[in-house]
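Notes follow once the structure below has been shown.
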Amino acid sequence: MDIDIKIPNKVKLVHEALLLRHTVEFQVDRPVQAWQWMNQTRSVPDQQEWVRPEVTDAWLRCLEDYCLPLGNYANWDNYPVIDAAVDHHKPVNNIEELIKQLSHNFHVFLKEAGVMMVLTTPEGRLLYVAGEQQFPGSFMTRMHVQGANWCESILGNNGIGSTAVLKKPVAFQGMEHFLSVLHPFTTVGYPLLDDTGNLMAIIGLVSDHQESMNSLFAFLHLICVLVNTNLPLAQNTAAQKRVLEQIHFNPAKKIQPQLSNSAISEELDTLINKAVKLQTYKIPILITGESGVGKDHFVGLLKNAGPRKDAPLIAINCASIPHDLIESELFGYESGSFTGARANGKPGKFMLADTGILFLDEIGDMSFDLQSTLLRVLETSEFTPVGGSKPIRVNVQVVAATNVQLLEAVEAGRFRRDLYYRLNGAQIHLLPLRERPDKKAIIQHILQRELNAIAPNGEIGICPEVLSLIEQHPWPGNIRQLINVIRATLYTASSQLITVKDLPVDFVAELKQFTVTDAATVNSLLLTPLIDHSPVMSLTAWELHGIKTALKDCEGNISMAAKKLGITRTTLYKKMDRFGLNREGDGLFA
1 MDIDIKIPNK VKLVHEALLL RHTVEFQVDR PVQAWQWMNQ TRSVPDQQEW
51 VRPEVTDAWL RCLEDYCLPL GNYANWDNYP VIDAAVDHHK PVNNIEELIK
101 QLSHNFHVFL KEAGVMMVLT TPEGRLLYVA GEQQFPGSFM TRMHVQGANW
151 CESILGNNGI GSTAVLKKPV AFQGMEHFLS VLHPFTTVGY PLLDDTGNLM
201 AIIGLVSDHQ ESMNSLFAFL HLICVLVNTN LPLAQNTAAQ KRVLEQIHFN
251 PAKKIQPQLS NSAISEELDT LINKAVKLQT YKIPILITGE SGVGKDHFVG
301 LLKNAGPRKD APLIAINCAS IPHDLIESEL FGYESGSFTG ARANGKPGKF
351 MLADTGILFL DEIGDMSFDL QSTLLRVLET SEFTPVGGSK PIRVNVQVVA
401 ATNVQLLEAV EAGRFRRDLY YRLNGAQIHL LPLRERPDKK AIIQHILQRE
451 LNAIAPNGEI GICPEVLSLI EQHPWPGNIR QLINVIRATL YTASSQLITV
501 KDLPVDFVAE LKQFTVTDAA TVNSLLLTPL IDHSPVMSLT AWELHGIKTA
551 LKDCEGNISM AAKKLGITRT TLYKKMDRFG LNREGDGLFA
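Per the numbering used here, residue 1 is the first one in the sequence shown, and the count goes up by one each step.
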């Protein structure tokens, strides 16, 4: 049935949806880079090819009109999404009843496709929800409670809230959303208008399938047809079923249990506790370590564990902002302070981080002449916006990070000595991956996480040779490189069995270059042909291998083995019981 042809002309359906379905068929070029740029500079990137114009306009509203918090570390658990009770109006009540009367086929379709359908007021307040409601994360759990506010000024751009603003079909996927909490999802909104063009309600769909936007539009368009017309399809459940069969959705993946913080080793936990104590007394923290060791991730951990966990965390990359803009980015500016300035001025990073944490990443690359200005602010906790006349006092915990040897930069005259000692109230050094005692546990944690994401049912196996090479690699790029290599290997593998030939070329080259002491072993692993009866390391077998190895290496010491694996003693005992292992790592599966 051609639904579009059958729509009566008098019905106020928004036909722009059909055009929008085609505009989102192309792959969005660089939403990740665009969002990260915005996160660092708190300004929308000028590069037009990075994101669609609709996304750029929505981000500007979020930044300038709503002044929403931005960043990966915002505290979403206490975010205000539920207000007072929702006022019901007669047109909305009628639409809600029509949706509830849709056949059982629709509800089964939604559940199987892993899609949540919502009906909201014209303002974006939730009235009714159907379909999938078991999305991961505590935040989304609250978003299907009656009264939850999908308004753009609260939740940033999203299909439902942005439809309320624009009164036309809107869709966003992944990092096109302003708030990071919506990055795992695709959101689509469709307005229901009366004969005079007034917005009566919004029907929206939410899915954690990044590839499903066109299917969402097709389904949503069908729903709106049924609600707005008296076509036979609206009363014929058999016809509805036949139409639903034409809408392609991949079956929803089962939600995997979240990996616990057991991956945080005892050494890292000690560093976090140290950072929390330093925050209590507002002592500046300097985090050092090679590129890729996870300094930004560590800042997120110390923030969530510390006394400022409910306050904003504002990050700025000191190396990525042009020299002539960094002062206005840090301290903001008043209206009319320079050509091109916004009419209402702009708050700087220090103002946005008030009562929270300001994370100065790559501080070693800050220009020398700006260092004196930063020093003065750190000493007085006061700053004056560009073009302003009155100083502003803030309460900010400063955390700086660098992969540069700052003392060497001080001796070379590239970094102010007084600023170094001001920032270095206490130093926390993160070891490179190759030197960490929990290296194997980290590899296990990341590999299991990535395998769960791509093959939750364990369809992908890993040869022991591959696992051995990954554990032997020196990882000069640290955890960032490890994640990239694992993802590249999994997503480009030629079959469901990961073999040595699937490893990236640069990974193998680095392994030969750095592992000179065991070159013969490495070459033998790389040159050994894979025969059909080679054992396949499934997730379960890989986990068993890791536990047996840890128990044997630690000679049956449970505490040491648990520490080496990055898990608690209780968790280790449960796994030993499941695999039938004794303290020496022997047992049923030995």
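C-beta atoms are modelled at their ideal positions from N, C-alpha and C, and glycine is treated no differently.
Inter-residue distance for Cys151 and Leu302 is about 31 Å (C-alpha atoms, whole angstroms).
By the neighbour-count criterion, in which a residue is buried when 16 or more other Cβ atoms sit within 10 angstroms of its Cβ, Leu407 is exposed. As the crow flies, the alpha-carbon of Asp365 is around 10 Å from that of Ala409. Under DSSP, Ile454 shares a beta bridge with no residue. Separation of Glu334 and Leu352 (C-alpha to C-alpha, rounded to the nearest whole angstrom) is 15 Å. Measuring C-alpha to C-alpha distances from Val44 to each of Ala148, Glu132, Phe178 identifies Phe178 as the nearest. The DSSP-derived three-state label of Ser207 is strand. Around the beta carbon of Ile283, a 10 Å sphere encloses fewer than 16 other beta carbons of the protein chains shown; the residue is thus reported as exposed.
Around the beta carbon of Tyr281, fewer than 16 other beta carbons sit within 10 angstroms, so the residue counts as exposed. Excluding residues up to 5 positions away in sequence, nothing lies with its Cβ nearer than 6 Å to the Cβ of Arg376 in the same chain. In this structure, the CA atom of Trp35 is about 15 Å from the CA atom of Ile321. For Gln397, the enclosing beta strand (DSSP E) has its first and last residue at 397-402. When the alpha-carbon of Asn582 is set against those of Leu551, Thr570, Lys274, Pro504, the nearest one is in Leu551. Non-local C-beta neighbours of Gly425 in its own chain, meaning closer than 6 Å and more than five positions away in sequence, comprise Ile283, Pro284, ordered along the chain.
The C-alpha of Pro122 lies about 21 Å from the C-alpha of Gly131. Annotated three-state conformation of Asp361 is strand, per DSSP. In this structure, Asn478 lies near Glu290, with their beta-carbon atoms less than 8 Å apart.
Relative to Thr355, the option among Gly189, Gly413, Asp310 whose CA is nearest is Asp310. Counted as a single uninterrupted DSSP element, the beta strand (DSSP E) harbouring Met117 occupies residues 115-120. With contacts defined by Cβ atoms closer than 8 Å, Val466 and Ile498 form a contacting pair. Taking the CA atoms as reference points, Trp37 sits about 30 Å from Gln448. Contact between the region 562-581 and the region 474-492 is not established, with fewer than three Cβ pairs separated by less than 8 Å. For Tyr128, the uninterrupted beta strand (DSSP E) segment begins and ends at 126-131. The distance from the Cβ of Val386 to that of Glu327 is about 6 Å, consistent with a contact at the 8 Å cut-off. If you draw a 10 Å sphere on the C-beta of Leu325, you find fewer than 16 other C-beta atoms in it, and that means exposed.
Under a 10 Å Cβ-count criterion, Ser162 is classified as buried, with 16 or more other Cβ atoms of the shown protein chains found around its own Cβ. Using a Cβ-Cβ distance cut-off of 8 Å, the region 138-147 and the region 46-57 are not in contact, since fewer than three pairs of beta carbons, one from each stretch, lie closer than that value. The Cβ atoms of Ala453 and Asn39 lie no closer than 8 Å to each other. Here Ile470 has Ile443 as same chain residues with Cβ atoms under 7 Å from its own Cβ, once five neighbours each way along the sequence are excluded. Of the candidates Asn157, Leu544, Ser153, Asp502, Leu544 places its Cα closest to the Cα of Asp586. Using a Cβ distance threshold of 8 Å, Ile272 and Ala305 count as a contacting pair. Scanning its chain for C-beta atoms nearer than 8 Å, with the 5 sequence neighbours on each side dropped, one finds around Pro307 the residues Val276, Gln279, Thr280, in chain order. Taking a 10 Å sphere around the C-beta of His429, we find fewer than 16 other C-beta atoms and assign the residue as exposed. Of all alpha-carbon atoms in Met576, Met117, Phe172, Arg61, the one lying nearest the alpha-carbon of Pro31 is that of Phe172. Assignment of Lys575 by DSSP, reduced to helix, strand and coil, places it in the helix class.
Within the region 26-62, complete alpha helix (DSSP H) segments of at least 4 residues are found at 31-41, 53-60, given in chain order.
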